[in-house]
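Structure record follows, encoded as structure tokens.
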Amino acid sequence: MTQGFFQYFPKPRECYEHKKRDYFIAVFTFFCVAVCLITDADASLAKQNALGVCGWVFLLGLLLGENREIRLQVVIAIVFATLGEHFASPFMGGYTYRFGNVPAYVPPGHGMVYLTAVALARSGFFLRWHRQIAAFVVT
Numbered sequence: 001m002t003q004g005f006f007q008y009f010p011k012p013r014e015c016y017e018h019k020k021r022d023y024f025i026a027v028f029t030f031f032c033v034a035v036c037l038i039t040d041a042d043a044s045l046a047k048q049n050a051l052g053v054c055g056w057v058f059l060l061g062l063l064l065g066e067n068r069e070i071r072l073q074v075v076i077a078i079v080f081a082t083l084g085e086h087f088a089s090p091f092m093g094g095y096t097y098r099f100g101n102v103p104a105y106v107p108p109g110h111g112m113v114y115l116t117a118v119a120l121a122r123s124g125f126f127l128r129w130h131r132q133i134a135a136f137v138v139t
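Residue numbers are given in the numbering used here: position 73 of the sequence shown equals residue 73, and the series is strictly consecutive.
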């Protein structure tokens, strides 16, 4: 059973290239999310919308270095996440945001988080230590 699960993983003990861009995407996204959430804590609706514009600009900048397939994956992730946000928050009332909206920074934020997952999955660190990471996650 375990071998079947790992058959699609990279070969163990290989030397994989570390691309700085993949790590930059992760660090930049974590930084942006932290700054955005801290800034939005007492921000006006106008400032919240400005954070959304910044989020879209940053996401589009990050996507410039990606191929068409990754860009499409990010777009699909944003569409599904945004539909989910609107269904769970304003429609179902599962949780609410301060202004009763889905903030403008949420959709690009979801795109950045998805792109971070892609970047980390292809990073040299994750490729090298994939078995240990998978074992850690599932146990």
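Built from N, CA and C at the ideal position, the CB exists for glycine as well.
heavy atom of the ligand PLP below 6 Å from residue i C-beta
i      : result
Thr116 : No copy of the ligand PLP appears in this structure; indeed no ligand is present at all.
With 16 other Cβ atoms within 10 Å as the buried cut-off, status of residue i
i      : result
Glu85  : buried
Met92  : exposed
Leu115 : buried
Met1   : Only weak support is given to the placement of Met1: the predicted model assigns it a pLDDT of 48, under 50, and the value that follows is read from those uncertain coordinates. With fewer than 16 other Cβ atoms within 10 Å, it is exposed.
Phe136 : exposed
Neighbourhood of residue i by C-beta distance below 7 Å, restricted to the same chain and skipping five residues each side
i     : result
Ala26 : Thr116, Ala119 and Leu120
Gly94 : Ala88
Length of the line joining the Cα atoms of residue i and residue j
i     : j     : result
Ala41 : Glu17 : 39 Å
Val74 : Cys15 : 28 Å
Counting only runs of 4+ residues fully inside the region 50-93, write out the alpha helix (DSSP H) ranges in chain order. 68-86
Pick out the complete alpha helix (DSSP H) segments inside the region 21-49, 4 residues or longer, and give them in chain order. none
Should the region 121-129 be regarded as contacting the region 88-103, the criterion being three or more beta carbon pairs within less than 8 Å? no
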